[in-house]
Amino acid sequence: MIKKIGKYIDGLLAQVGGATAMVRSSFFWLFRSKFEFHQAISQGVEIGVNSFGVVGLTSLFTGMVLALQAGNTINNIFGDPIFVGTIVAFSLIRELGPVLTGVVVSGRAGAAVTAQIGTMAVTEQIDALYTLGTNPIRYLVIPRMFGFVLTMPILTLFANVFGIIGGYLVASYALGVPGEIYITDITTFMDVEDFLHGFIKSILFAFMIGTVCCYKGISTRGGAEGVGKSTTGAVVTTIVLILVLDYFLTAILTALGI
Amino acid sequence: MIEIKNLHKNFGEKEVLKGINLQIPEGKVTCILGGSGCGKSTLIKCLIRLEEPTGGHIFVDGKDITHLHNEIRLAAIRRHFGYLFQEGALFDSMTVGENVSFGLKYLTQVPESEYPRIIKEKLALVGLKEDVAKLNPSELSGGMKKRVSLARVLAVNPKAILYDEPTTGLDPIMSDIISDLILDLKAKLGVTSVVITHDMHSAFKIADYIAFLYEGKILLYGTPEEFRKTDNPYVKQFVSGSSQGPIQMKLMKE
Numbered sequence: 001m002i003k004k005i006g007k008y009i010d011g012l013l014a015q016v017g018g019a020t021a022m023v024r025s026s027f028f029w030l031f032r033s034k035f036e037f038h039q040a041i042s043q044g045v046e047i048g049v050n051s052f053g054v055v056g057l058t059s060l061f062t063g064m065v066l067a068l069q070a071g072n073t074i075n076n077i078f079g080d081p082i083f084v085g086t087i088v089a090f091s092l093i094r095e096l097g098p099v100l101t102g103v104v105v106s107g108r109a110g111a112a113v114t115a116q117i118g119t120m121a122v123t124e125q126i127d128a129l130y131t132l133g134t135n136p137i138r139y140l141v142i143p144r145m146f147g148f149v150l151t152m153p154i155l156t157l158f159a160n161v162f163g164i165i166g167g168y169l170v171a172s173y174a175l176g177v178p179g180e181i182y183i184t185d186i187t188t189f190m191d192v193e194d195f196l197h198g199f200i201k202s203i204l205f206a207f208m209i210g211t212v213c214c215y216k217g218i219s220t221r222g223g224a225e226g227v228g229k230s231t232t233g234a235v236v237t238t239i240v241l242i243l244v245l246d247y248f249l250t251a252i253l254t255a256l257g258i
Numbered sequence: 259m260i261e262i263k264n265l266h267k268n269f270g271e272k273e274v275l276k277g278i279n280l281q282i283p284e285g286k287v288t289c290i291l292g293g294s295g296c297g298k299s300t301l302i303k304c305l306i307r308l309e310e311p312t313g314g315h316i317f318v319d320g321k322d323i324t325h326l327h328n329e330i331r332l333a334a335i336r337r338h339f340g341y342l343f344q345e346g347a348l349f350d351s352m353t354v355g356e357n358v359s360f361g362l363k364y365l366t367q368v369p370e371s372e373y374p375r376i377i378k379e380k381l382a383l384v385g386l387k388e389d390v391a392k393l394n395p396s397e398l399s400g401g402m403k404k405r406v407s408l409a410r411v412l413a414v415n416p417k418a419i420l421y422d423e424p425t426t427g428l429d430p431i432m433s434d435i436i437s438d439l440i441l442d443l444k445a446k447l448g449v450t451s452v453v454i455t456h457d458m459h460s461a462f463k464i465a466d467y468i469a470f471l472y473e474g475k476i477l478l479y480g481t482p483e484e485f486r487k488t489d490n491p492y493v494k495q496f497v498s499g500s501s502q503g504p505i506q507m508k509l510m511k512e
């Protein structure tokens, strides 16, 4: 049993070490080679377009359910659904926007990145890149990392907007809160720091998703079964890490007054 | 050009190469024979440092590349090699033409306007028409994939080409066409070739020298003629393709 736990920890540390080495190598190549601008843009478009619909839909309904729950609860306590807009916007912009977007992006685009790079690894296409004078970190990893980091904040912004619209619809049509009050509740109590809080989170989540998904892809071994395992592993790891990171980031950013 | 001294390679506790000593002469075809899983692919991957050897030395043009870690220097060494992968390893997100011209972008200063001419020329060299350039790798047969992969290697004019089982999985006629291609490249371009194979017909046709790899060591090195005449029971069994002999007995013991 202890041997098994030791082996598991050993494997986990090896993966963390491998991913760290990949990030280090990414910075090395970023400043020593021509940036694959075209690749970065096309990856950004692919990641963004792939995830846009799902992000919009999940955020819309999250905003709706937030408004419904908050409105009913406050109504039961105070007899009037007050501050629904504040609760919806506050929850979305600081927490649910970046978290939900991260979860959707990792399940949608992250999985695709791992599967694509993993398939390249098991069919020797990564080795072929080396033999043709191209480092796979430079050609595959850096553009995808940029793709994630560039699109996640934009997707998060869309998620916030869709969520607030969802909340607005429920607040107006189901709870009877006038639209102007819903909007005033948001603008009165929200600060620039709240947007910055969510923005920083979305960038760090994007960096983490890019790192985990690219590393899982590049380290894939063992044919089609290996690609399946890597893809599942990448999605599970990123979702768990998003939730864990979210707590620590909230604690750190709040302590810093953001 | 390439000299291998006492080369060792382990994967975990498994020792795959157990002290290989071999010289690859320039401008000649050297075939490395051996059964499946004996470490042939590992050996040529070590030559181009796709695998890092555990021990020993590899010299390329007199330079020891065994433990080179600087990616830029490694890329400069790899620049002299072409590698034909067993399944072709064509980039499936690109067309055949983009595959063939890929190395030109990263390994040469050739202007992009020259790419179409080079693609046409290299595809013709491997017996393929220009129209193939527009196809995707998924639309090609196994033999065509190998030929496109070879065209991709040739596009950057390497000094040496490493072939990983170039005839495996092909019909006898296509195998012979690939063997003729390897001979053509030696004759026309003076390319040094290292061919990993267990296709005896092809090996005897193309090889100037043959090395027989068994249990991680070179059991016999010589000309095809010496291989035909050898008394070594392991090599004799492998050359004749018989199921009866010391190799089978060894397998049964394991």
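Line by line, the protein sequences give chains A and B.
Using this note's numbering, you'd call the opening residue of the first sequence number 1 and step up by one each time.
Using this note's numbering, you'd call the opening residue of the second sequence number 259 and step up by one each time.
For glycine and all other residues, C-beta sits at the position ideal for the given N, C-alpha and C.
The model shown is predicted, which means the values in this text are computed figures rather than measured ones.
Task: Residues bridged to His338(B) [DSSP beta-bridge criterion] - done: For His338(B), which the question treats as bridged, DSSP gives no partner whatsoever.
Task: Asp489(B) to Cys289(B) span [Cα, whole Å] - done: 19 angstroms
Open item on the list: Given this structure, state the Cα-to-Cα distance separating Asp466(B) from Val287(B), to the nearest angstrom.
Closed with: 5 angstroms
Task: His327(B) beta carbon less than 8 angstroms from that of Lys417(B) - done: no
Open item on the list: Any beta carbon of chain A sitting closer than 8 angstroms to that of Ala418(B)?
Closed with: no
Task: His197(A), buried or exposed, once every other Cβ within 10 Å from all chains shown has been counted against 16 - done: buried
- [ ] Go to Leu291(B), then tell me how far its alpha helix (DSSP H) extends in each direction, as first and last residue.
- [x] From DSSP, Leu291(B) is part of no alpha helix (DSSP H) but of the beta strand (DSSP E) over 287 to 291.
Task: Whether Thr73(A) touches Met152(A) by CB criterion (8 angstroms) - done: no
- [ ] Step through the CB atoms of chain A and report whether any lies within less than 8 angstroms of the CB of Arg331(B).
- [x] no
Open item on the list: If I measure Cβ to Cβ from Glu271(B) and keep anything under 8 angstroms in the same chain, skipping five residues before and after, which residues do I get?
Closed with: none
Task: Contiguous alpha helix (DSSP H) assignments of at least 4 residues, all confined to the region 407 to 478 of chain B - done: 430 to 447, 458 to 464
Task: Listed by chain order, chain B residues near Asp194(A) by CB distance under 9 angstroms - done: By Cβ distance, chain B contributes nothing, its closest Cβ being about 41 angstroms from Asp194(A), past 9 angstroms.
Open item on the list: Does the CB of Asn50(A) have a neighbour CB from chain B at under 8 angstroms?
Closed with: no
Open item on the list: Quick check on Arg336(B) - is its C-beta less than 8 angstroms from some C-beta in chain A?
Closed with: yes
Open item on the list: In the DSSP output, what is Val318(B) paired with across the bridge?
Closed with: Ile260(B), Lys321(B)
Task: Gly361(B) versus Ile242(A): straight-line alpha-carbon distance, rounded - done: 38 angstroms
Open item on the list: Which residues in chain A have a C-beta closer than 8 angstroms to the C-beta of Ile376(B)? List them in chain order.
Closed with: Chain A residues near Ile376(B): none, gap ~14 angstroms exceeds 8 angstroms.
TODO: Compute the Euclidean distance between the alpha carbons of Ala255(A) and Phe248(A), then round it to the nearest angstrom.
DONE: 11 angstroms
- [ ] In angstroms with no decimal places, state the Cα-to-Cα distance between Tyr168(A) and Gly179(A).
- [x] 7 angstroms
TODO: Can you grab the Cα-Cα spacing for the pair Arg81(A) / Val104(A), in whole Å?
DONE: The question names Arg, but residue 81(A) is Pro in the sequence shown. Between Pro81(A) and Val104(A), the C-alpha separation is close to 31 angstroms.
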